[in-house]
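S.K.: The structure follows.
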Amino acid sequence: MNHTPHLRPIGALLAVASALALSATASAAPKAADLTVERVVILMRHGVRPSTKFPATPEGTTREAWPAWSTPAGDLTPHGAEGIRRLAAYDREVLAIQGLLRATGCAAPGTISAWSSGSSRAIKTGLAFIETLQPGCKVALDHPAGEDDEDQFHPSASEAAMDGDRALAASQAQFPASGLQGVIAARKVDFATLERIVGVPVDTASTLKATPGDKPDLKGGLSFGSTAGQTILLQYLEGMPMEQVGWGRTSKADIRAILRFHPIKFQYETRPAYVAQRLAAPIVTRIVDALSGQGGRLTLLFGHDTNIAALGGFYDLHWTMADYPRDDIAPGGAIGFELVRDSAGRRYVRVFQQAQSMDQLRGLAPLNQATPPSRSYLTLPGCGARGKPCDLETFEKLTRQRLLDPTD
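Sequential numbering from 1 applies to the sequence shown in this note's numbering.
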């Protein structure tokens, strides 16, 4: 089913956020055992893919050519689809325990609402997940008709209303006292590891420039490190023999080291509050709509690491997914929101992360209650201690404030 949701401008989202005020009052955090899960929203990154273009980096930036893939550039691999199915089988167990789904058989019509971005890898991820979550059942996955169509996962320049200069200033405000050179210097050891793997000298010089109507653009060594690190990670997750992963010159420890470039790119391009507000607003709208009762009790959103990074910046969320660096986003990794109710009828929001470990995905390990993926509740800044539920009234207030006036 193809459908492009109507995207509302920033100002109109304030009324949407207000709809969250169902019947909540601030109170002490309840015990988890006393909570009933009413609704769940999950935003998931697509599964394992090759690099989005071949070659992954320009000629001359590696000693040998990048290893070939049998899957087209940027598309979901069969291995990646199977990894998503493992997650779906586990999530069905969790959602059945929570009472949102039946342990067997199809959920009642309207229980599940699902959207994906228009990219093939996101659509295929959504289909693999849904077909395992509800085998043989009719659950529609809405998405744009074309990969380049604007949607909630890719708001247009006019929808985002981004001031490129302000976005750059917001990003630069996060630099250490030593500026971008300090960011580069802090990754000296990781650059050395990357240089050993690619087999040629790596130019670490980097720039961060304003882009009219868009987020800042990080170029140079830090950006190269992000792309190369992700590409080598994906080789590992795909299950390629180690003599092919990073040309046989890398280990899992090396991969974890060079992955640190990936969240750095998001930190300065996507997570600054002003930028995140513009990029995440349509996804925040969907989350708010879902938690306020529009759509099914389970809402599934299949997008990209950029969407999760922007959502993290919007709410100032931080996480560690399995054995990935802090704030990195695993293929198939997700950020979820639960609307829960205590015995007195008060409602709260809990935020969680979920991801397979690198070796769980590489080996396509079965996931169940005995051998689960990484899953933990997150701190929502401005609303209580780590892992504690945020009362709905406060969550609604935080959302409104950040839609109206993000801090740089």
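Yeah, the Cβ is synthetic: ideal placement off N, Cα and C, and Gly gets one too.
Give a yes or no on contact between the region 218-233 and the region 270-283, applying the rule of three or more CB pairs nearer than 8 Å.
M.R.: Short answer: they don't touch.
S.K.: Grouping DSSP H, G and I as helix and E and B as strand, with all else coil, what is threonine 61?
M.R.: It is coil, neither helix nor strand.
S.K.: How long is the line joining the alpha carbons of proline 78 and serine 292, rounded to whole angstroms?
M.R.: About 36 Å.
S.K.: How would you label glutamate 59, buried or exposed, when you count the other beta carbons within 10 angstroms and need 16 or more for buried?
M.R.: Glutamate 59 should be labelled exposed.
S.K.: Is it true that the CB of leucine 392 sits closer than 8 Å to the CB of tyrosine 348?
M.R.: A contact, by the Cβ cut-off of 8 Å.
S.K.: For valine 200, does the count of other Cβ atoms within 10 angstroms reach 16, so buried, or fall short, so exposed?
M.R.: Label assigned to valine 200: exposed.
S.K.: Buried or exposed: glycine 140, going by 16 or more other Cβ atoms within 10 Å of its Cβ?
M.R.: Here the sequence assigns alanine to residue 140, which means glycine is not the residue at that position. Under this definition alanine 140 is an exposed residue.
S.K.: Would a C-beta distance cut-off of 8 Å place glutamate 195 and glutamine 369 closer than the cut-off?
M.R.: Contact: no.
S.K.: Could you say which of Pro135, Ile84, Lys138 and His154 lies nearest to threonine 125 if we only look at CA atoms?
M.R.: Comparing Cα-Cα distances from threonine 125 to each of Pro135, Ile84, Lys138 and His154, the minimum goes to Ile84.
S.K.: Can you tell me where the beta strand (DSSP E) holding threonine 306 begins and where it ends?
M.R.: Careful: threonine 306 lies outside any beta strand (DSSP E), inside the alpha helix (DSSP H) at 305-315.
S.K.: Would a C-beta distance cut-off of 8 Å place proline 272 and serine 171 closer than the cut-off?
M.R.: In contact: proline 272 and serine 171 (Cβ atoms closer than 8 Å).
S.K.: When the Cα atoms are used, what is the spatial distance from arginine 297 to tryptophan 319?
M.R.: Distance between the alpha carbons of arginine 297 and tryptophan 319 is about 25 Å.
S.K.: Could you spell out where the beta strand (DSSP E) holding arginine 36 opens and where it closes?
M.R.: It should be noted that the sequence gives threonine, not arginine, for residue 36. Start and end: 36-45.
S.K.: At the level of alpha carbons, what is the spacing between isoleucine 255 and alanine 145?
M.R.: Taking the straight line from one Cα to the other gives about 36 Å.
S.K.: I'd like to confirm the pairing. Which residues does DSSP put opposite valine 349 in its beta bridges?
M.R.: Answer is Leu339 and Cys390.
S.K.: In whole angstroms, what is the alpha-carbon distance linking arginine 375 and glutamine 353?
M.R.: Using only the alpha carbons, I get a separation of about 6 Å.
S.K.: State the Cα-Cα distance for the pair methionine 162 and glycine 136, rounded to the nearest angstrom.
M.R.: Spanning the two alpha carbons is a distance of roughly 43 Å.
S.K.: Touching or not, the region 320-327 and the region 251-271, by the rule of three or more beta carbon pairs under 8 Å?
M.R.: Verdict: yes, contact present.
S.K.: Any idea if isoleucine 97 is buried or exposed, counting beta-carbon neighbours within 10 angstroms, 16 or more meaning buried?
M.R.: Its Cβ having fewer than 16 others within 10 Å, isoleucine 97 is exposed.
S.K.: Quick one: what's phenylalanine 302 bridged to in DSSP?
M.R.: Answer is Met44 and Ser116, bridged to phenylalanine 302.
S.K.: Hey, arginine 402 and phenylalanine 314: beta-carbon distance below 8 Å or not?
M.R.: Yes.
S.K.: Which of the three DSSP states, helix, strand or coil, is assigned to alanine 205?
M.R.: If DSSP states are grouped into helix, strand and coil, alanine 205 belongs with coil.
S.K.: What three-state label does DSSP hand alanine 177 in the structure shown?
M.R.: The answer is coil: DSSP assigns alanine 177 none of H, G, I, E or B.
S.K.: So valine 198 and isoleucine 264 are in contact, right, with Cβ under 8 Å, and what is the actual spacing, rounded?
M.R.: Between isoleucine 264 and valine 198 the Cβ distance is about 18 Å, and since that is not below 8 Å, they are no contact.
S.K.: Return yes when the Cβ of leucine 180 is within less than 8 Å of the Cβ of proline 415, no when it is not.
M.R.: Any property of residue 415 remains undetermined from this structure, which presents the chain solely from 1 to 408.
S.K.: Taking phenylalanine 395 as the reference, which of Ser70, Pro381, Arg386 and Pro406 has the closest Cα?
M.R.: For the residues Ser70, Pro381, Arg386 and Pro406, the minimum Cα distance to phenylalanine 395 belongs to Pro381.
S.K.: For lysine 53, does the three-state DSSP call read helix, strand or coil?
M.R.: Residue state, collapsed to three classes: coil.
S.K.: At the level of alpha carbons, what is the spacing between serine 206 and valine 37?
M.R.: Cα to Cα, the separation comes out at about 46 Å.
S.K.: Given that a residue counts as buried once 16 or more other Cβ atoms are within 10 Å of its Cβ, and exposed if not, what is phenylalanine 224?
M.R.: Buried.
S.K.: Out of Glu131, Ser226 and Thr299, which has the shortest C-alpha to C-alpha gap to leucine 100?
M.R.: The shortest Cα separation from leucine 100 among Glu131, Ser226 and Thr299 belongs to Thr299.
S.K.: With which residues is threonine 211 paired in a DSSP beta bridge?
M.R.: Answer by DSSP bridge pairing, in chain order: Asp214.
S.K.: What alpha helix (DSSP H) runs, 4 residues minimum, are completely inside the region 231-283?
M.R.: Runs found: 252-258 and 261-269.
S.K.: Report the three-state DSSP secondary structure of tyrosine 377 (helix, strand or coil).
M.R.: The answer is strand: DSSP assigns tyrosine 377 an E or B state.
S.K.: Which residues does DSSP list as the beta-bridge partners of alanine 145?
M.R.: The partner list for alanine 145 (beta bridge, DSSP) is empty, contrary to what the question assumes.
S.K.: Can you check whether the CB of histidine 46 is closer than 8 Å to the CB of alanine 114?
M.R.: No.
S.K.: Using the three-state DSSP reduction, which class does lysine 219 fall into: helix, strand or coil?
M.R.: Correct three-state label for lysine 219: strand.
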